[in-house]
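>
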Amino acid sequence: MIALFDENRHLIEQGASPVVNAAREVATEAFARLGIPSSKVEAYKYTNLQAWFKATYRFTPTESGFSGNIDEVFTCDVDALESYTVFAVNGRYYEGSSYTRLPEGVVIGSFAELSVKHPELMHKFYGKLAPADADGVVALNTLLACDGIFVYVPKNMVVEKPIQVVNILTGDTDRMVNQRNFIVIEENAQARVLFCDHTLSNSRFLVNSVTEGFVDASGNLDFYNIQNQHNGVVQVGGYYFNQETKSVLSANYFTLNTGVTRNNIFARLGGVHAENHISGLYLTDKNMHVDNFSFIDHAMPDCESNELFKGVMDDGSTGAFTGRIMVRPDAQRTNAYQSNNNLLLTDNARMNTRPQLEIYADDVKCSHGATVGQLDEKALFYLRARGIGKEEATILLMYAFAYEVIEKIQLPGLKEQIRLLVEKRFRGELDKCDSCIVCGQLNDKILNASV
Amino acid sequence: MLKIKDLHAMIDGKEILRGISLDVKPGEIHAIMGPNGSGKSTLAAVLTGNEAFEVSEGMVEFNGKDLLEMSPEDRAREGLFLSFQYPVEIPGVSMTNFMRTALNEQRKHRGQEVLSASDFLKLMRDKKNLVEIDSDLTNRSVNEGFSGGEKKKNEIFQMAMLDPTLSILDETDSGLDIDALRVVANGVNKLRRSDNATIVITHYQRLLDYIVPDYVHVLYKGRIVKSAGKELAQELEEKGYDWIKKEFED
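So, in structure tokens, the structure goes:
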């Protein structure tokens, strides 16, 4: 990998932000030391990334390898949700999609371009959260970082419409994608950001993406990641957030279809009275593997965090959940709640769940709970005794199990979409490329043409 | 309508029903009484298809069809209804969605068209009035956070919605205060017609003051040991079950 970097170094560094280039120095050293984590690394115990990084992928850091027109491939149904929509194709910001004029001062666009334009933001924030010196995949991402999505919302600005980032994987060749995203919500500003992850071709993809998100005092970020990719995708998604005083972050992860997904979700509560809500729903079947690793760091007093992850697991799918909560000595009067509940539909599905609480303050309220169970036979019989067939009753109960997470969605249009998608998914009607979560249907004809 | 012949059923190898025969005709109300552990609830469970029980002998005919061959959902679709002794809470499934799904599956089974949204809502409204249940109960998840009385009223509401030909009320009176009992009984009486029938399973005579049975059967140790008119319930209320136990001790 380092050889790969050295070969492409000139290409990667040319025209890039000096801050981004400087960070590569540390990352090179760290990656040489850490490498890709195997299951011997405690945090990756249940997801051996080394195995997945072994396959051969094409890697072109400075170009997406896509030359078609996204608007033709991807038609938007704006009735579902009016949003500012931008695209990233194979990790590169995609120019050419038109969207409504942004509110004054708000910046959304290419990380490659905007990181050069905004050195002050880069100096202040870049690489401050994602641990390039401690995690091999973050080191690798930092080493190869070229492009991704850049979102900046200035002080006191409320972005009413959601910002939708459609991450598309496409092309005829198996490909490695390295994406770097950067979100800054300044003081008292508000935004909703959706990441929708899709595949448009049958090639295999290895995705290593890192998103850093900074929410300043009294800021509010409502973040969603909706993953609906085919089973040839291995995706490591790192989401690293920092919250200042009285800020509110909610981050919601929906894994509807994937091959292998590992989410690293870190949130540092770095100011008093900050509020943090993280939730996730993963629906797995066949050989899917989904591993959510979360770390909520209570560094300051009087903060609150609520965490809820739920999984419905079918066939021989496997999953893992790790919920680390750190309450540092200064973080008095912390309220931290966590639960992870899993519904296993077969004897072959496997789930490993581990809450990890480290509490160094004495005046705190913390709770955690983890369950792994089967369908409630009594409830199933009750439904059948009213004339509802076994299959339909099972779907109703699966949906009932999932709904608690869906109810956390604060965007009304999105909530309805996710409800439908989850129901379709349970009925086995949601194909890998069936729809864009928010934007409507894919055009099949163009999908089959090579791009 | 319902013909039970020499029905034997067991759970975990233990025989609970030991030869029950019963004949229920349209328009009739039958009460099944008996001390705790006599097999009353087992009879209800076996009739509705609870797979925890194994039928070892006997037959049950329902409107001319072999009931024991059917899945629980098909029994319901053929017009059988059980008011559960312990209705199950199902968070996340709304009452409206539950009832619409159930009703439409039953209609499809009978070759009827599914109800339109507006027809369905109208039906809900009418039946809610009929059985006097609070409007907001149907806006919630199935039985979630319902009080004991609300759960039982909700069973009667479902019965009204599904309009079964044979209803089995399993200890519907247990734990009910007198007001809730009256609401439940009124609902059952209003739903009574000459072409449907009801089996009331109860330990106490009290409910039978409100739902007056045509026949009273006493179940003891898995057998019907006594059958008579409604006066038998009164007799049991006065004398308790001890005289039955003495008379039919093995």
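Those protein sequences? They're chains A and B, same order as listed.
In this text, residue positions in the first sequence follow my numbering: the first is 1, and each later residue adds one.
In this text, residue positions in the second sequence follow my numbering: the first is 1001, and each later residue adds one.
Ideal placement from N, C-alpha and C gives every residue a C-beta, glycine not left out.
Bear in mind the structure is a predicted one, so any value in this text is a computation, not a measurement.
Taking the beta carbon of residue 294/A as the centre, do at least 16 other beta carbons fall within 10 Å, making it buried, or is it exposed?
Position 294 of the first sequence, counted from the first residue, corresponds to residue 294/A. Buried, because 16 or more other Cβ atoms sit within 10 Å of the Cβ of residue 294/A.
> Using a Cβ-Cβ cut-off of less than 8 Å, list which residues of the region 397-411 of chain A approach chain B; keep chain order.
If the cut-off is 8 Å between Cβ atoms, the region 397-411 of chain A has 397, 399, 400, 401, 402, 403, 404 near chain B.
> Who are residue 224/A's beta bridge partners in DSSP?
Stepping through the first sequence from its first residue, residue 224/A is reached at position 224. 194/A, 252/A, per the DSSP bridge assignment.
> By Cβ distance, which residues of its chain are closer than 8 Å to residue 125/A, with the 5 residues on each side in sequence left out?
Along the first sequence, one-based indexing puts residue 125/A at 125. Same-chain partners within the cutoff: 182, 184, 212, 214.
> Taking the runs of the beta strand (DSSP E) that are 3 residues or longer, which of them lie wholly in the region 229-284 of chain A?
233-243, 248-257, 260-269, 275-284, all fully within the region 229-284 of chain A.
> Does any residue of chain A bring its CB to less than 9 Å from the CB of residue 1063/B?
In the second sequence, the residue the question calls residue 1063/B occupies position 63. It does not: the Cβ of residue 1063/B has no partner Cβ on chain A nearer than 9 Å.
> How long is the line joining the alpha carbons of residue 1057/B and residue 1021/B, rounded to whole angstroms?
Here residue 1057/B corresponds to residue number 57 of the second sequence, with the count starting at 1. Here residue 1021/B corresponds to residue number 21 of the second sequence, with the count starting at 1. So the alpha carbons of these two residues sit roughly 12 Å apart.
> Can you tell me which of the three DSSP states residue 447/A falls into?
As a first step, residue 447/A is located in the first sequence; it is residue number 447 there, counting from the start. With a pLDDT of only 31 at residue 447/A, under the threshold of 50, the placement of this residue in the model should not be trusted; the figure read from the coordinates follows. Residue state, collapsed to three classes: helix.
> By a C-beta neighbour count over all protein chains shown, 10 Å radius and 16 as the cutoff for buried, is residue 1004/B buried or exposed?
Numbered from its first residue, the second sequence carries residue 1004/B at position 4. Residue 1004/B comes out buried.
> Please confirm whether residue 166/A and residue 112/A have their CB atoms less than 9 Å apart.
In the first sequence, residue 166/A corresponds to position 166, counting from 1. In the first sequence, residue 112/A corresponds to position 112, counting from 1. Contact: no.
> When the cut-off is 9 Å and only beta carbons count, does residue 337/A lie next to chain B?
By 1-based counting over the first sequence, the position of residue 337/A is 337. So no, residue 337/A is outside the interface.
> In the DSSP assignment, what are the bridge partners of residue 1094/B?
Locating residue 1094/B in the second sequence gives position 94, where the first residue counts as 1. The partner list for residue 1094/B (beta bridge, DSSP) reads 1141/B.
> Quick one: is residue 1080/B buried, meaning 16 or more other Cβ sit within 10 Å of its Cβ, or exposed?
For the purposes of this step, residue 1080/B is taken as the residue at position 80 of the second sequence. Its Cβ being crowded by 16 or more others within 10 Å, residue 1080/B is buried.
> Hey, quick one: how far does the beta strand (DSSP E) through residue 386/A stretch, first residue to last?
Taking the first sequence and counting its residues from 1, one reaches residue 386/A at position 386. Here residue 386/A belongs to no beta strand (DSSP E), and DSSP marks it neither H nor E.
> Output, in chain order, the set of chain A residues within a Cβ distance shorter than 8 Å of residue 1112/B.
Position 112 of the second sequence, counted from the start, is the residue given in the question as residue 1112/B. Simply none; closest approach about 13 Å.
> Just to confirm before moving on: does the CB-CB distance between residue 379/A and residue 330/A stay below 9 Å?
As a working mapping, residue 379/A is identified with position 379 in the first sequence. As a working mapping, residue 330/A is identified with position 330 in the first sequence. Not a contact, by the Cβ cut-off of 9 Å.
> Look up residue 152/A in the DSSP assignment and say whether it is helix, strand or coil.
Taking the first sequence and counting its residues from 1, the one referred to as residue 152/A is at position 152. Residue 152/A: strand per DSSP, three-state reduction.
> Kindly indicate the opening and closing residues of the beta strand (DSSP E) around residue 176/A.
Position 176 of the first sequence, counting from 1, holds the residue named residue 176/A. It spans 175-185 - the beta strand (DSSP E) in which residue 176/A sits, taken as one unbroken run.
> Got a sec: is the Cβ-Cβ distance from residue 1054/B to anything in chain A below 9 Å?
Counting from one through the second sequence, the residue named residue 1054/B turns up at place 54. False, the Cβ-Cβ gap to chain A never drops below 9 Å.
> Would you say residue 418/A reaches chain B, if we count a Cβ-Cβ gap shorter than 9 Å as a contact?
Reading the first sequence from its first residue, position 418 is the one you call residue 418/A. Closer than 9 Å: no.
> Of all the residues that make up the region 1164-1196 of chain B, which are near chain A by a beta-carbon distance shorter than 7 Å?
Within the region 1164-1196 of chain B, no residue qualifies.
> Which value, in whole angstroms, describes the spacing of the CA atoms of residue 1173/B and residue 1212/B?
The sequence position of residue 1173/B within the second sequence is 173, counting from 1. The sequence position of residue 1212/B within the second sequence is 212, counting from 1. Distance between the alpha carbons of residue 1173/B and residue 1212/B is about 14 Å.
> Should residue 259/A go down as buried or exposed, given a rule of 16 or more other Cβ atoms within 10 Å for buried?
Looking up residue 259/A in the first sequence gives position 259. Classification of residue 259/A: buried, given that the 10 Å Cβ count is 16 or more.
> Which one of 274/A, 314/A, 290/A has the shortest CA to CA distance from residue 301/A?
Working through the first sequence from its first residue, we reach residue 301/A at position 301. With distances taken between Cα atoms, residue 301/A lies closest to 274/A.
> Along chain B, which residues have their Cβ under 8 Å away from the Cβ of residue 423/A?
Here the question's residue 423/A lines up with position 423 in the first sequence. Going along chain B, no residue has its Cβ under 8 Å from residue 423/A, so there is no contact; the nearest lies around 11 Å.
> Between the region 1029-1045 of chain B and the region 1091-1106 of chain B, are three or more C-beta pairs nearer than 8 Å?
These segments do not touch.
> Excluding the 5 residues flanking residue 399/A on each side, which residues of the same chain have their C-beta closer than 8 Å to its C-beta?
As a working note, residue 399/A is residue 399 in the first sequence. Taken in chain order, the residues that qualify are 422, 423, 426.
> Taking three-plus beta-carbon pairs below 8 Å as touching, is the region 381-394 of chain A in contact with the region 1098-1105 of chain B?
These segments touch.
> Measure the C-alpha to C-alpha separation of residue 137/A and residue 25/A and round it to an integer number of angstroms.
The residue you call residue 137/A lines up with position 137 of the first sequence. The residue you call residue 25/A lines up with position 25 of the first sequence. Rounded to the nearest angstrom, the two C-alpha atoms are 15 Å apart.
> Please state whether the Cβ-Cβ distance between residue 251/A and residue 224/A is less than 9 Å.
Within the first sequence, the letter at position 251 stands for residue 251/A. Within the first sequence, the letter at position 224 stands for residue 224/A. In this structure, residue 224/A lies closer than 9 Å to residue 251/A by Cβ.
> By alpha-carbon positions, which one of 348/A, 162/A, 307/A ends up nearest to residue 413/A?
What you label residue 413/A is simply residue 413 of the first sequence in a count that begins at 1. The candidate whose alpha carbon is nearest that of residue 413/A is 162/A.
> Please check if any C-beta of chain B sits within less than 9 Å of the C-beta of residue 390/A.
As a first step, residue 390/A must be located in the first sequence, where it is residue number 390. True, the Cβ-Cβ gap to chain B drops below 9 Å.
> Would residue 226/A and residue 254/A qualify as a contact pair, given that the criterion is a beta-carbon distance under 9 Å?
Residue numbering aside, residue 226/A sits at position 226 when the first sequence is read from its first letter. Residue numbering aside, residue 254/A sits at position 254 when the first sequence is read from its first letter. Yes, these two residues count as a Cβ contact at 9 Å.
> Determine, for residue 1116/B, whether the minimum Cβ-Cβ distance to residues of chain A falls below 9 Å.
Counted from its first residue, the second sequence places residue 1116/B at position 116. No, no contact with chain A.
> Would DSSP call residue 1127/B helix, strand or coil?
The residue you call residue 1127/B lines up with position 127 of the second sequence. If DSSP states are grouped into helix, strand and coil, residue 1127/B belongs with the helices.
> Suppose you measure from the CA of residue 76/A to the CA of residue 148/A; what does that come to, to the nearest Å?
On the first sequence, position 76 is the one that residue 76/A refers to. On the first sequence, position 148 is the one that residue 148/A refers to. In this predicted model, residue 76/A has a pLDDT of only 45, less than 50, meaning its place in the structure is not dependable enough to derive any value.
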